[in-house]
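Residue 486 in this note's numbering sits at position 483 of the sequence shown, with consecutive numbering throughout.
Data first, discussion second: the structure below is written as structure tokens.
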Amino acid sequence: MTPLVLRRWPLMVACAALSWLVSATGVGAQPTPLTLADATARALERLPEVAIQRDAITIAAQGEMRAQAAYDPVIRLDSRLRSRTDPLNTLFVGAPEGALASRVNSLVGSASWTRLFESGATVTGSASTSLEDSTSRFALLTPAYLTSVGIEVRQPLLAGRRFDVQRRALKVSALDVSRSRTSLERLISETVAAVERAYWAVRATRDDVRIREQSLALAEAQREDTSVRIDAGTAAESDIAAPQAEIARRRTDLVRARDEALRADIGLRQLMAGTADSPVWTMAFDLADDPPAPPPPDQVDRLVADALERRPELADVDAARQIAELDTALARERTRTQLDLIAAYHLRGLAGGDNADLLVPFPGAVVTIPDAQRGGLDDSLQTLATHRFSDVYVGVSLALPLGRRAAKADVVAATLAERRTHLLRDQLAQRIATEVRTAAAVLSAARDRHDAATALETAATDLLAAEQARFDTGQSSNFFVLQRQTELAQASLARTAARLDMTRATTEVLRATGRLLERRGIALDLKGPVR
């Protein structure tokens, strides 16, 4: 390279770089250094899909809470004021004179507590009290205080004992939370991989622009050198045609490279912006990170084993398979006979005042009311404690649907759905193994291409220097110098492309094996932003 070219070379490269910076960002502000970690954090913080999936986890957690509500106790309170006259078809009406039947006025209050347990048992506790005032002349006590308290237990013995709808809903809701979490993990992994691809694409396209600007600068320097030689009479005027034609071609390539760089820049900004009015769209930035060295080669079988253990898609399919198994178990449970054990224990109490209009229909009969039943509400409650009036029963309830065609159809459908999830898992595992093997092969090939391109660039640099030296001594021509410049530019572009392919392949291997988030130090925090 001539002294004139060497003196002008730094100035031409600086001007070209400044021109690209202004055209790419559209502003003259100082560019902000942007690391890959910063770009990833911006994307994960602002990407709408991540926020939507986070909300899906919250919704699934609320579904789990809703399923647990089936086992919440229910308290029911009832009260009523009632006045009734019942028509009686009997000789002993007991109505006062002039009335067809007696009238009963009552004030009733009751409370009950019911809860379903995970064993399928239902327990109900109840208590009630009432005040009745009757005009019947046959009523021993009026007003009368009636009280009761009791408990009833219903336990399935066949259908519903091992499994029921409520227990299925509880387990399915927990699996839905797990599936939402794995979906978020998969989305974040894909987002991180997309950001890395976009980041290194910007780096590669900007390097392409830089290489083509350097190549254009070399051609312009060659033209200037040729012009000096023509002015000195050591070269023919026709020698200027080759550098000028090469300058036009390289300018066309530079325009194309800048267009590709601008597209790559927009792709990265789209991932980081999140919204149409984000300041990221107008921010000027420089990429602060260089492509990392690829990890050492690993055995493909080991990579496949890691992928089958780590990939969130398999965890999602496993959860779907468990849900299908729960559906099958519930369908089989419905084919069983409904046989419930029922047991109850109730206590009742009665107290009140003597009926002043009491009519004894049998002459000479003596009516004796125990002292314990004379009094008010407290006396009625005391009779509960003495267990004087108890009601105890134990029994079974049998429901036997004939045919059971609906239950049998549900079993067949649920079994086939369960089998389908097993097939889907095998299919997914095969696809994941193929992805890992392909990514590992691509990474190995990219390493080889990068090594070859690096060696080719070194050789092309030496050839250009030798050709330039021969041109300076008059032993070569513009044609060969420009050809060597083109070869050097092509070798540099090939090395840049191979380095991009190698970086992308490294990211793909990490994503395919499910180790990308771990290697990048990204942890899922469901209560806050991803870090």
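Note that CB positions come from ideal geometry on N, CA and C, so glycine has one too.
From what residue to what residue does the alpha helix (DSSP H) around residue i run?
i      : result
Ser230 : 168-235
Glu511 : 481-516
Val53  : 51-71
Leu361 : No alpha helix (DSSP H) holds Leu361; DSSP gives it neither H nor E.
Asp304 : 303-313
Asp381 : 380-388
Quick one: what's got a C-beta closer than 7 Å to residue i's C-beta in the same chain, skipping five residues either side?
i      : result
Ala501 : Ala449, Arg452, His453, Ala456
Leu194 : Here residue 194 turns out to be Thr, not Leu, going by the sequence shown. Ala46, Leu47, Leu50, Val53.
Ala245 : Asn481, Phe482, Leu485
Phe166 : Ala332, Leu333, Glu336
Ser82  : Val111, Gly112
Glu521 : none
Glu249 : Ala222, Leu485
Thr38  : Ala291, Asp292
Ser109 : Arg85, Ser133, Leu134, Glu135
Thr464 : Leu491
Leu178 : Ala322, Gln325, Ile326
Residue i lies in the beta strand (DSSP E); which residues open and close that run?
i      : result
Phe288 : 288-290
Arg79  : 77-88
Gln158 : 144-159
Leu37  : 35-37
Arg106 : 106-119
Per DSSP, what kind of secondary structure is residue i in: helix, strand or coil?
i      : result
Pro349 : Note on identity: in this sequence residue 349 is His, with Pro being the wrong assignment. His349: strand per DSSP, three-state reduction.
Val414 : helix
Gly356 : strand
Gly270 : helix
Leu520 : helix
Phe141 : coil
Asp136 : strand
Asp262 : helix
Gln341 : strand
Phe392 : strand
Ser122 : coil
Arg254 : helix
Ser281 : coil
Thr127 : strand
Leu401 : strand
Arg407 : coil
Arg377 : strand
Thr93  : coil
Phe474 : helix
Ile435 : helix
Ile372 : coil
Glu100 : coil
Mind checking residue i: buried by the 16 CB within 10 Å criterion, or exposed?
i      : result
Thr476 : exposed
Arg209 : buried
Ile78  : exposed
Arg507 : buried
Leu403 : exposed
Gln478 : exposed
Ile435 : buried
Arg514 : buried
Tyr396 : exposed
Leu288 : According to the sequence provided, residue 288 is Phe. The question's Leu does not apply to it. Buried.
Gly123 : buried
Ala400 : Per the sequence shown, residue 400 should be read as Ser rather than Ala. Ser400 is exposed by the Cβ-count criterion.
Gly236 : exposed
For chain D, find out if any of its Cβ atoms is closer than 8 Å to the Cβ of residue i; answer yes or no.
i      : result
Arg335 : Within the model displayed, chain D is absent; a lone protein chain is all it includes.
Excluding sequence positions up to five away, which residues of its chain have a Cβ less than 6 Å from the Cβ of residue i?
i      : result
Ala318 : Thr185
Arg487 : Leu466, Leu467, Glu470
Ala64  : Val180
Asp382 : Ala354
Leu173 : Ala70
Arg106 : Thr88, Thr138
Val307 : Ala436, Val439
Arg182 : Asp319, Ala322
Glu155 : Thr127, Ala347
Thr424 : Ala323, Arg324, Ala327
Can you give the beta carbon distance from residue i to residue j, rounded, assuming they're within the 8 Å contact cut?
i      : j      : result
Thr516 : Arg313 : 7 Å
Arg232 : Ala238 : 4 Å
Gln169 : Ala102 : Not confirmed; about 53 Å, so no contact.
Leu119 : Thr125 : 5 Å
Gly66  : Ser176 : 5 Å
Leu149 : Gln56  : Not quite, the Cβ-Cβ distance comes to about 60 Å (not below 8 Å), so this is no contact.
Gly352 : Leu384 : 6 Å
Near residue i, which residues of its chain fall below 8 Å by C-beta distance, leaving aside the five closest residues on each side in sequence?
i      : result
Ala416 : Ala334
Val445 : Asp504, Ala508, Glu511
Gly97  : Ser105, Ser139, Arg140, Phe141, Ala142, Leu362
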